[in-house]
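Asker: The structure follows.
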Amino acid sequence: MSASDRQSPTHAPMTQFSVIDGELVVGGIPLTRLAARVGKTPFYAYDRQSLAQRVARLRAALPKSIKLHYAMKANPMPALVCHMAGLVDGIDVASGGELKIALDSGANVHDISFAGPGKNRDELQQAVAAGILINIESFREVAELARIREESGFLGRVAVRVNPDFELKSSGMKMGGGPKQFGVDAEQVPELLAEIGRAGLTFEGFHLFAGSQNLKPEAIVEAQCKSFELALRLAQSAPSPVRFLNLGGGFGIPYFPGEAHLDLAPIGANLATLTERAQRELPGAELVIELGRYLVGEAGIYVARVVDRKISRGQIFLVTNGGLHHHLSASGNFGQVIRKNYPVVIGNRMNAALQESASVVGVLCTPLDLLADRMELAAAQPGDLVVIYQSGAYGFTASPQAFLGHPACIEVLV
Ligand SMILES: *Cc1c(COP(=O)(O)O)cnc(C)c1O
Numbered sequence: 001m002s003a004s005d006r007q008s009p010t011h012a013p014m015t016q017f018s019v020i021d022g023e024l025v026v027g028g029i030p031l032t033r034l035a036a037r038v039g040k041t042p043f044y045a046y047d048r049q050s051l052a053q054r055v056a057r058l059r060a061a062l063p064k065s066i067k068l069h070y071a072m073k074a075n076p077m078p079a080l081v082c083h084m085a086g087l088v089d090g091i092d093v094a095s096g097g098e099l100k101i102a103l104d105s106g107a108n109v110h111d112i113s114f115a116g117p118g119k120n121r122d123e124l125q126q127a128v129a130a131g132i133l134i135n136i137e138s139f140r141e142v143a144e145l146a147r148i149r150e151e152s153g154f155l156g157r158v159a160v161r162v163n164p165d166f167e168l169k170s171s172g173m174k175m176g177g178g179p180k181q182f183g184v185d186a187e188q189v190p191e192l193l194a195e196i197g198r199a200g201l202t203f204e205g206f207h208l209f210a211g212s213q214n215l216k217p218e219a220i221v222e223a224q225c226k227s228f229e230l231a232l233r234l235a236q237s238a239p240s241p242v243r244f245l246n247l248g249g250g251f252g253i254p255y256f257p258g259e260a261h262l263d264l265a266p267i268g269a270n271l272a273t274l275t276e277r278a279q280r281e282l283p284g285a286e287l288v289i290e291l292g293r294y295l296v297g298e299a300g301i302y303v304a305r306v307v308d309r310k311i312s313r314g315q316i317f318l319v320t321n322g323g324l325h326h327h328l329s330a331s332g333n334f335g336q337v338i339r340k341n342y343p344v345v346i347g348n349r350m351n352a353a354l355q356e357s358a359s360v361v362g363v364l365c366t367p368l369d370l371l372a373d374r375m376e377l378a379a380a381q382p383g384d385l386v387v388i389y390q391s392g393a394y395g396f397t398a399s400p401q402a403f404l405g406h407p408a409c410i411e412v413l414v
């Protein structure tokens with residue numbers, strides 16, 4: 001074993017933002033100036049240009065006819081959703097609250113879809129009135145929609161969310177296969193389709209979502225192939241031709257040491273094959289993929305200010321004014337099994353050597369409030385700005401902001 005083989009794994013390079021005079025530049029603005037403009041720390045900042053570039057690069061890697069949807073639960077900030085609506089082909093929502101933001105964004109109602117277990121009557125009614133596509137996840141939803149149709153006269157546009165008979169391998173979070181609360185088991189779908197036909201709902205297609213945060217292209221390719229085959233089989237029982245086939249997504253981004261950026265080439269090649277097959281075997285159907293994290297995760301940072309520098313029995317602690325109440329996932333408490341460090345830097349000392357090992361913590365009175373555990377960082381002092389990369393998805397709205405009663409965090413789109 002050579003010396004380099006023995007080195008511990010490192011983070012994938014973070015090249016989405018430039019550095020000028022030792023400062024990270026986000027939205028064209030050096031970090032200390034951006035912090036002054038925001039007016040207080042901590043904050044999340046999302047970079048418009050970086051979001052646009054991300055979508056453009058993804059499109060370049062995929063067949064032109066693939067429709068790209070943004071799954072907005074990854075980041076529902078209204079200004080960001082508006083920006084994304086101008087870049088993608090549709091928005092996927094998961095609640096009545098998200099539906100409002102998607103409608104406000106100006107996205108075409110034809111291209112908004114709604115998935116999620118336990119959609120309530122009011123949400124279904126709003127969705128039908130709006131004219132968006134509802135991904136049905138239970139027999140109860142069909143009955144509710146039939147009643148809404150009788151009472152209001154509005155036709156519901158529906159697709160069936162299928163719980164597939166396979167799992168997405170190597171996924172950070174499995175959301176299909178086996179017993180799941182999501183979708184309707186593939187075996188029950190023919191019966192559900194008959195029910196949809198009897199209820200007079202407008203059937204438009206299938207939705208399959210196997211899982212999230214996958215960094216293995218071969219696993220994503222396999223899931224997309226199996227999803228396609230399953231949809232072909234189920235289409236034989238459909239009351240009308242399939243117009244949309246949503247193959248899910250699950251594209252991951254590198255968060256932790258040893259993880260690499262996802263290779264899109266095999267995924268693009270496979271989708272090209274599936275697109276050709278769809279023209280023959282499902283004529284008139286649009287193939288859709290829906291992505292959240294992959295589109296927005298890398299374009300966002302979380303910024304907190306160092307308020308104290310303490311040394312406890314030889315270990316350096318940078319105490320910031322932020323914490324897990326703003327950024328639960330960076331603390332390791334949002335679905336991770338073993339805590340690992342996100343990529344963290346001192347954003348106003350980007351040119352300084354990584355000369356000390358320090359832990360970054362927040363203001364909360366709990367040992368869980370750890371944002372970086374003994375990481376190699378530039379020597380930092382109170383006043384400096386700690387930056388957590390890969391924070392554009394599942395940050396602000398996926399964190400328990402009320403926990404311990406500290407001030408809320410701010411979000412800006414720059
Ligand atoms: C959460 C979710 C997504 C987005 O997942 P990402 O990992 O953020 O891409 C897409 N579709 C459905 C149905 C979801 O529940």
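At position 370 of the sequence shown the residue is numbered 370 (this note's numbering), and the sequence of numbers has no breaks. Cβ atoms here follow ideal geometry from the backbone N, Cα and C, with glycine treated the same way. Just so we're clear, the structure is a prediction, and the values are computed from it rather than from any experiment.
What do you get for Q224, buried or exposed, if any count of 16 or more other CB atoms within 10 angstroms of its CB means buried?
Answerer: Classification for Q224: buried.
Asker: Consider the C-beta atom of G417 and the heavy atoms of ligand 1; say whether any pair is separated by less than 8 Å.
Answerer: The structure shown does not extend to residue 417, since the chain is modelled only from 1 to 414, so the question has no answer here.
Asker: Rounded to whole angstroms, what's the CA-CA distance from R374 to S357? Just pull it up for me.
Answerer: About 5 Å.
Asker: Rounded to whole angstroms, what's the CA-CA distance from A272 to F182? Just pull it up for me.
Answerer: Rounded to the nearest angstrom, the two C-alpha atoms are 28 Å apart.
Asker: Applying the criterion that 16 or more other CB atoms from any shown protein chain within 10 Å of the CB defines a buried residue, is M173 buried or exposed?
Answerer: Classification of M173: exposed, given that the 10 Å Cβ count is below 16.
Asker: Can you tell me whether DSSP reads L234 as helix, strand or coil?
Answerer: Looking at L234 - three-state DSSP - the assignment turns out to be helix.
Asker: Quick one: what's got a C-beta closer than 8 Å to A398's C-beta in the same chain, skipping five residues either side?
Answerer: Correct list, in chain order: L328, S329 and F334.
Asker: Cα separation between G258 and P343?
Answerer: Each residue's Cα considered, the two are about 11 Å apart.
Asker: Could you check which residue in L234, T41, A372 and V109 has the C-alpha nearest to that of E281?
Answerer: The residue with the shortest Cα to Cα distance from E281 is L234.
Asker: Let me confirm a value: Q213 is counted as buried when at least 16 other C-beta atoms fall within 10 Å, else exposed. Which label applies?
Answerer: Flag for Q213 reads buried.
Asker: Pick helix, strand or coil for R280, following the three-state DSSP scheme.
Answerer: Looking at R280 - three-state DSSP - the assignment turns out to be helix.
Asker: Can you have a look at M1 and say buried or exposed, based on whether 16 or more other CB atoms are within 10 angstroms of its CB?
Answerer: The predicted model places M1 with a pLDDT of 42, which falls under 50 and marks its position as unreliable, so this point remains unresolved.
Asker: If R147 and G156 are in contact, beta carbons under 8 Å, what's the gap, nearest whole angstrom?
Answerer: Not confirmed; about 10 Å, so no contact.
Asker: Going by the C-beta, is M77 closer than 8 Å to any heavy atom of ligand 1?
Answerer: No - ligand 1 has no heavy atom lying nearer than 8 Å to the Cβ of M77.
Asker: List the whole-angstrom C-beta distance separating N270 from G205, where the pair is believed to meet the contact cut-off of C-beta under 8 Å.
Answerer: That pair is no contact at about 20 Å.
Asker: Check the DSSP bridge columns for Y46 and list the partner residues they point to.
Answerer: Bridge partners of Y46: G300 and L413.
Asker: What I want to know is whether the C-beta of G106 ends up closer than 8 Å to one or more non-hydrogen atoms of ligand 1.
Answerer: The answer is no for G106.
Asker: Am I right that L201 and V158 are in contact with their C-beta atoms under 8 Å? What's the rounded C-beta distance?
Answerer: Sure, about 5 Å apart at Cβ, within 8 Å.
Asker: Can you tell me whether Y302 sits near ligand 1, meaning its C-beta is under 8 Å from at least one heavy atom of the ligand?
Answerer: Flag unset: Cβ of Y302 not near ligand 1.
Asker: To the nearest angstrom, how far is it from the Cα of V25 to the Cα of Q390?
Answerer: Going by the C-alpha atoms only, they are around 15 Å apart.
Asker: I think S331 touches L291, with their Cβ atoms under 8 Å apart; what is that distance to the nearest whole Å?
Answerer: Their Cβ separation, rounded to whole angstroms, is 25 Å, which puts S331 and L291 out of contact at 8 Å.
Asker: Does the separation of the CB atoms of P63 and G250 fall below 9 Å?
Answerer: Contact flag unset, no.
Asker: In whole angstroms, what separates the C-alpha of H11 from that of K340?
Answerer: Spanning the two alpha carbons is a distance of roughly 11 Å.
Asker: Regarding K73 and ligand 2, is the C-beta to nearest heavy atom distance less than 8 Å?
Answerer: The ligand content of the structure shown is limited to ligand 1, which means ligand 2 is not among them.
Asker: By Cβ distance, which residues of its chain are closer than 6 Å to S50, with the 5 residues on each side in sequence left out?
Answerer: Once the five neighbours on either side are set aside, the close Cβ partners of S50 are Q16 and A299.
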